[in-house]
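S.K.: One structure follows; several queries about it will come next.
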Amino acid sequence: MSQSMIRRALPVLIPATGLLYIFAIPSDPEPVKLLFKLIPMALIIGYACLLAPARERRERKLLLLGLFFCMIGDGTLRWFTVGLSAFLIGHLFYIGCFLHRRRITRAKLLALAPLLAYAVYIASRLVRALLDSDEKDLIAPVLLYVAAIFFMSVAAIMNGNRYAIAGSLLFLASDSILSWNMFVSEVRYSGPLIMLTYYAAQWLITSSLLAPRERRPAAAEPRSSSFR
368 MSQSMIRRAL PVLIPATGLL YIFAIPSDPE PVKLLFKLIP MALIIGYACL
418 LAPARERRER KLLLLGLFFC MIGDGTLRWF TVGLSAFLIG HLFYIGCFLH
468 RRRITRAKLL ALAPLLAYAV YIASRLVRAL LDSDEKDLIA PVLLYVAAIF
518 FMSVAAIMNG NRYAIAGSLL FLASDSILSW NMFVSEVRYS GPLIMLTYYA
568 AQWLITSSLL APRERRPAAA EPRSSSFR
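Count the sequence shown with this note's numbering and you get residues 368 to 595, in order.
Next up, the structure:
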């Protein structure tokens with residue numbers, strides 16, 4: 368199969384394999400379920416390798432490392448702190464990728480206020496739930512992760528790319544549902560909601576690197592001294 372055919376096939380295969388994992392693959396046997404969970408991420412990584420502009424070498428490298436560590440997190444989340452650590456590393460690479468083209472404006476800073484309020488609310492509820500369930504040893508890693516995903520969203524907003532912003536916010540939503548369902552109270556249809564928002568987030572984050580960059584306004588040309 369040619370590279371152009373693969374490029375055309377991947378945007379179809381990625382959502383198809385994601386939906387297959389979410390709605391069709393049974394929980395047992397567990398290794399098969401895990402394999403199908405990782406396939407969409409592997410395809411997203413392959414898509415990023417094929418289409419990322421060669422001129423964006425540093426950003427592409429950071430993005431690919433972020434995707435890779437998130438895929439490790441997918442595979443090891445049954446060991447919660449191991450999976451959480453892998454996702455944390457992935458977020459740090461995403462932060463580096465987004466901040467590479469940061470552009471701070473007053474409007475962007477104002478947009479951070481509701482995001483900060485939400486992060487503080489989620490963190491406080493999780494801490495209260497962990498204290499109530501006598502799982503104090505998880506408070507520090509959970510708070511560290513909340514801070515990481517918050518700053519990942521901040522970096523995306525500072526970057527200004529709409530795909531990066533949408534992807535980071537969907538990632539925040541996915542992890543909020545996951546953590547709320549695990550520690551606070553049961554969320555109806557949590558499984559499909561977590562994975563749908565998660566795969567969409569990773570796809571959008573990858574698309575942020577592939578999207579056309581804004582051009583800086585060209586410098587004004589000096590006026591000619593000649594008359595016409």
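For each residue, glycine too, the CB sits at the ideal point set by N, CA and C.
1. Is residue 592 helix, strand or coil when you go by DSSP?
2. Since residue 573 contacts residue 476 with CB under 8 Å, what's their CB separation in whole angstroms?
3. By the three-class DSSP mapping on this structure, what secondary structure does residue 561 have?
4. Beta-carbon within less than 6 Å of residue 457's beta-carbon, same chain only, minus the 5 sequence neighbours each way: which residues are those?
5. If we count Cβ pairs, one from each stretch, closer than 8 Å, do we get three or more for the segment 508-517 versus the segment 559-567?
6. Going by CA-CA distance only, name the one from 551, 523, 549, 550 that's closest to residue 538.
7. For the alpha helix (DSSP H) holding residue 526, just list the boundary residues, first then last.
8. Need the endpoints of the alpha helix (DSSP H) that residue 680 sits in, please.
9. Do you know offhand how far residue 382's Cα is from residue 407's?
10. Please tell me whether residue 461 and residue 519 are closer than 8 Å, where the distance is taken between their beta carbons.
11. Taking the C-alpha atoms as reference points, what is the distance between residue 575 and residue 527?
M.R.: Let me spell this out:
1. Only weak support is given to the placement of residue 592: the predicted model assigns it a pLDDT of 37, under 50, and the value that follows is read from those uncertain coordinates. Three-state DSSP puts residue 592 in coil, outside helix and strand.
2. Their Cβ separation, rounded to whole angstroms, is 27 Å, which puts residue 573 and residue 476 out of contact at 8 Å.
3. helix
4. 433, 436, 437
5. no
6. 523
7. 506-526
8. Look at the range of the chain in this structure, 368 to 595, and you will see that residue 680 is not part of it.
9. 7 Å
10. yes
11. 10 Å
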